[in-house]
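Engineer: Its first residue numbered 0, the sequence shown is counted upward by one per residue in numbering that gives the first Met the number 0. We treat Cβ as the ideally placed atom computed from N, Cα and C, and that holds for glycine.
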Amino acid sequence: MPFDADAEFDRQVRTLIDNGYPKLTDLDDDAYAALLEPLRETVTTHEAMAEPEEGLVPFVLVVTRELAPLYDVVPRLTLGGRKTKPGVVDHNYAEGELVRFVAAKEVELPDARAYVLFDIQRGEEFCGAVPNDAMATIADRDRTLLTIEEGLSLVQQFPSILAKNKCFSLGGSRCGDKRVPAIWISQNAPKLGWCWQGNPHTWLGMASAAGRDGSLG
Numbered sequence: 000m001p002f003d004a005d006a007e008f009d010r011q012v013r014t015l016i017d018n019g020y021p022k023l024t025d026l027d028d029d030a031y032a033a034l035l036e037p038l039r040e041t042v043t044t045h046e047a048m049a050e051p052e053e054g055l056v057p058f059v060l061v062v063t064r065e066l067a068p069l070y071d072v073v074p075r076l077t078l079g080g081r082k083t084k085p086g087v088v089d090h091n092y093a094e095g096e097l098v099r100f101v102a103a104k105e106v107e108l109p110d111a112r113a114y115v116l117f118d119i120q121r122g123e124e125f126c127g128a129v130p131n132d133a134m135a136t137i138a139d140r141d142r143t144l145l146t147i148e149e150g151l152s153l154v155q156q157f158p159s160i161l162a163k164n165k166c167f168s169l170g171g172s173r174c175g176d177k178r179v180p181a182i183w184i185s186q187n188a189p190k191l192g193w194c195w196q197g198n199p200h201t202w203l204g205m206a207s208a209a210g211r212d213g214s215l216g
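1) Nearest to E7 by alpha carbon, out of T146, G210, V115?
2) Considering only C-alpha positions, which residue in the set V88, T146, P1, F125 is nearest to I137?
3) In the DSSP assignment, find the unbroken alpha helix (DSSP H) run with A4 in it and report its ends.
4) To the nearest angstrom, report how far apart T77 and V154 are at their CA atoms.
5) What is the DSSP secondary structure of G150, reduced to helix, strand or coil?
6) Do you know offhand how far V101's Cα is from L161's?
7) Between the C-alpha atoms of Q196 and L203, what's the straight-line distance to the nearest angstrom?
8) To the nearest angstrom, how far is the alpha carbon of G220 from that of D89?
9) Report buried or exposed for E149, applying the criterion of at least 16 other Cβ atoms within 10 angstroms of its Cβ.
10) Quick one: what's M48 bridged to in DSSP?
11) Helix, strand or coil for Q120 per DSSP?
12) Name, in chain order, the residues that DSSP records as bridge partners for F72.
13) Pick out whichever of H200, A209, P189, C194 has its Cα sitting closest to the Cα of P74.
14) Sorted by chain position, which residues of the same chain lie with C-beta nearer than 8 Å to L169's C-beta, five sequence neighbours on each side aside?
15) Looking at V61 and A113, is the spacing between their C-beta atoms short of 8 Å?
16) Using the C-alpha atoms, what's the distance from D3 back to V98?
17) So A67 packs on L35, CB below 8 Å; how close in whole Å?
18) Going by alpha carbons, who is nearest to D139 out of D27, V59, D29, A209?
19) Verify the contact flag: V129, CB atom, against every heavy atom of the ligand FAD, threshold strictly below 7 Å.
20) Return the chain-ordered list of same chain residues with a C-beta closer than 7 Å to the C-beta of N91, the five sequence neighbours on each side being excluded.
21) Taking the beta carbon of S159 as the centre, do at least 16 other beta carbons fall within 10 Å, making it buried, or is it exposed?
22) What number of angstroms, rounded off, separates the C-alpha of H45 from the C-alpha of G216?
Put into structure tokens, the structure is as follows:
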């Protein structure tokens with residue numbers, strides 16, 4: 000059977016509601032679903048998409064910090080399977096420092112609040128590569144690096160995409176220095192941290208996507 004993008008859209012909206020995202024706004028569940036509804040057409044009119052598979056996702060609804068502050072989103076993440084420990088922010092971020100990491104100048108967001116990210120690759124082929132080199136290769140392929148919000152949205156909707164030795168950097172968010180945000184597994188929970196752009200890690204790839212689209216109007 001072909002991939003049912005309409006049903007997957009409903010599932011992702013329900014996941015956000017079930018994980019308390021409306022509570023981060025002044026909206027109830029129905030109003031929150033209505034807010035995201037304009038993105039349905041963006042999904043259903045997109046070119047044919049394949050079913051999700053290991054390390055590959057056809058689309059994900061991205062809710063940005065405008066609607067969901069980063070420090071409130073991370074604890075809502077868990078790993079796949081029966082693991083339920085909440086996500087954490089690495090202590091190497093100074094208190095409140097996450098807000099300094101914003102979309103890089105090469106990244107154009109279609110809406111500051113929420114939109115759709117298409118054709119996401121976890122990027123384990125870049126495990127062991129220097130992050131700077133991985134980011135250059137992705138740019139040469141005319142793909143885009145994931146922001147922090149996009150990485151968190153990806154793990155929220157597809158927890159099993161974060162796997163042992165197949166974690167990933169989020170080079171689409173930077174703060175003007177040599178640090179690259181990344182999300183990995185620590186003590187059976189997702190952890191949002193950062194690594195230096197010149198330091199390779201065997202367990203850390205570089206996530207990317209084909210593009211972004213959609214507006215809440």
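Structural biologist: Let me spell this out:
1) Here the question's residue 7 lines up with position 8 in the sequence shown. With distances taken between Cα atoms, E7 lies closest to V115.
2) Here residue 137 is taken as the residue at index 138 of the sequence shown, counted from 1. Nearest option by C-alpha distance: F125.
3) Here residue 4 corresponds to residue number 5 of the sequence shown, with the count starting at 1. In the DSSP assignment, A4 falls within the unbroken alpha helix (DSSP H) covering 4-17.
4) The sequence position of residue 77 within the sequence shown is 78, counting from 1. The sequence position of residue 154 within the sequence shown is 155, counting from 1. C-alpha separation (whole angstroms): 8 Å.
5) Reading the sequence shown from its first residue, position 151 is the one you call residue 150. Three-state DSSP puts G150 in a helix.
6) Along the sequence shown, one-based indexing puts residue 101 at 102. Along the sequence shown, one-based indexing puts residue 161 at 162. Approximately 22 Å between the Cα atoms of the pair.
7) Your numbering for residue 196 matches position 197 in the sequence shown. Your numbering for residue 203 matches position 204 in the sequence shown. Taking the straight line from one Cα to the other gives about 12 Å.
8) Look at the range of the chain in this structure, 0 to 216, and you will see that residue 220 is not part of it.
9) Counting from 1 along the sequence shown, the entry for residue 149 is found at position 150. E149 comes out buried.
10) For the purposes of this step, residue 48 is taken as the residue at position 49 of the sequence shown. M48 pairs with nothing; no bridge assigned.
11) The residue labelled residue 120 in the question sits at position 121 within the sequence shown. Here Q120 sits in strand by DSSP.
12) The sequence position of residue 72 within the sequence shown is 73, counting from 1. Note that residue 72 is Val in the sequence shown, not Phe. Per DSSP, none; premise fails for V72.
13) The residue labelled residue 74 in the question sits at position 75 within the sequence shown. Answer by Cα proximity: P189.
14) Counting from 1 along the sequence shown, the entry for residue 169 is found at position 170. Contacts found: L144, L145, T146, I147, E149, G150, V179, P180, A181, I182, A206.
15) Counting from 1 along the sequence shown, the entry for residue 113 is found at position 114. Counting from 1 along the sequence shown, the entry for residue 61 is found at position 62. Taking 8 Å as the Cβ cut-off, A113 and V61 qualify as a contacting pair.
16) By 1-based counting over the sequence shown, the position of residue 98 is 99. By 1-based counting over the sequence shown, the position of residue 3 is 4. If I take the Cα positions, the gap works out to 36 Å.
17) Along the sequence shown, read from residue 1 onward, the residue named residue 67 stands at position 68. Along the sequence shown, read from residue 1 onward, the residue named residue 35 stands at position 36. The C-beta distance from A67 to L35 rounds to 12 Å, too long to fall under 8 Å, and the pair is not in contact.
18) Translated into the one-based positions of the sequence shown, residue 139 becomes position 140. Closest option to D139, Cα to Cα, is A209.
19) Of ligands this structure carries none, so the ligand FAD is not represented either.
20) Sequence index remark: in the sequence shown, residue 91 carries index 92 (1-based). The answer, listed in chain order, is G192, W193.
21) Here the question's residue 159 lines up with position 160 in the sequence shown. With fewer than 16 other Cβ atoms within 10 Å, it is exposed.
22) What you label residue 45 is simply residue 46 of the sequence shown in a count that begins at 1. What you label residue 216 is simply residue 217 of the sequence shown in a count that begins at 1. Distance between the alpha carbons of H45 and G216: 18 Å.
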